[in-house]
Amino acid sequence: SKLTIVTPATLNPKPASPTTLMNVTVATFGGLLAGVAGALGRERFNNTVRDKQDIEKVVSVRPLGHIPHDKTLRAGLTMDFGVPAIAAGAFRHLSTALSVVYSDRSPATILVTSPRGGEGKSTVALNLAAAFAGSGKTGVLVDANMGNPVAAKRGGHGEAPGLAEGIHSEIAPLPLSA
Numbered sequence: 035s036k037l038t039i040v041t042p043a044t045l046n047p048k049p050a051s052p053t054t055l056m057n058v059t060v061a062t063f064g065g066l067l068a069g070v071a072g073a074l075g076r077e078r079f080n081n082t083v084r085d086k087q088d089i090e091k092v093v094s095v096r097p098l099g100h101i102p103h104d105k106t107l108r109a110g111l112t113m114d115f116g117v118p119a120i121a122a123g124a125f126r127h128l129s130t131a132l133s134v135v136y137s138d139r140s141p142a143t144i145l146v147t148s149p150r151g152g153e154g155k156s157t158v159a160l161n162l163a164a165a166f167a168g169s170g171k172t173g174v175l176v177d178a179n180m181g182n183p184v185a186a187k188r189g190g191h192g193e194a195p196g197l198a199e200g201i202h203s204e205i206a207p208l209p210l211s212a
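Residue numbers (this note's numbering): 35 to 212.
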């Protein structure tokens, strides 16, 4: 092998050094721009429902009522409608609004649901049923939560036969053939 020098190396009279101020400035503006773009993108594609305005945007209808946070509700108890409380008034308002909306349909079916457990479906259903009963209306509360039926326990009915037992007793066993 043969080694030949094509161009000899020379020392640059003006050495290169990092431009710290320029790097910090570009990084700061780049970070701010990325942060703003990320925040705007997150807000644009956010589909969580946080308040009444979000509900109106999603379903294009005004909500019938709003149940505020209350210590009694957080504990999963039924409201005492004889005692003045904001949450009790909200349940009475909601039952009245539902009665007005469904006045032409008798009987009406109201479904209380949520995407996850522990969000207060049973508490809302029990208190709404109590508000209807307090206004003189009659109704039937069906706890169709097969995984964790709590309406009977919270309503003071203990371990009464539930929906699954009622359905099972009405179905005749099918004969099996080989």
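By construction, the Cβ of each residue, glycine as well, lies at the ideal position given by its N, Cα and C atoms.
*Is the CB-CB distance between A121 and T106 below 8 angstroms?*
yes
*Extent of the continuous alpha helix (DSSP H) to which T54 belongs*: T54 to R78
_What does the alpha-carbon distance come out to for the pair T172 and N182?_
The straight-line gap from Cα to Cα measures roughly 25 angstroms.
*Quick one: measure Cβ to Cβ for R126 and L160, integer angstroms, because I've assumed they're closer than 8 angstroms.*
At roughly 14 angstroms, the Cβ-Cβ gap does not stay under 8 angstroms, so R126 and L160 are not in contact.
*To which residues of the same chain is L132 closer than 7 angstroms at the C-beta, ignoring the five residues directly before and after it?*
L98 and I144
*Got a sec? Which residues, its chain only, sit under 7 angstroms from T147 by beta carbon, not counting five neighbours each side?*
K155
*Whole angstroms is fine: what's the gap from I89's alpha carbon to H100's?*
11 angstroms
*Return the CA-CA distance between G72 and V58, expressed in angstroms with no decimal places.*
Using only the alpha carbons, I get a separation of about 21 angstroms.
_Spatial neighbours of P102 within its chain, please: C-beta separation below 8 angstroms, excluding the five flanking residues on both sides._
I120, A121 and A124
*Kindly indicate which three-state DSSP category T157 falls into: helix, strand or coil?*
helix
*Nearest candidate by alpha-carbon position, reference T157, set P47, P52, V70 and T112*: T112
*Tell me whether V93 sits in a helix, a strand or coil according to DSSP, three-state version.*
In the three-state reduction of the DSSP assignment, V93 falls in the helix class, which pools H, G and I.
*asked:* Give me, in chain order, the residues of the same chain whose beta-carbon lies closer than 8 angstroms to that of D177; leave out the 5 immediate sequence neighbours on both sides.
replied: S156, A159, P183, V184, A185, A186, G196 and L197
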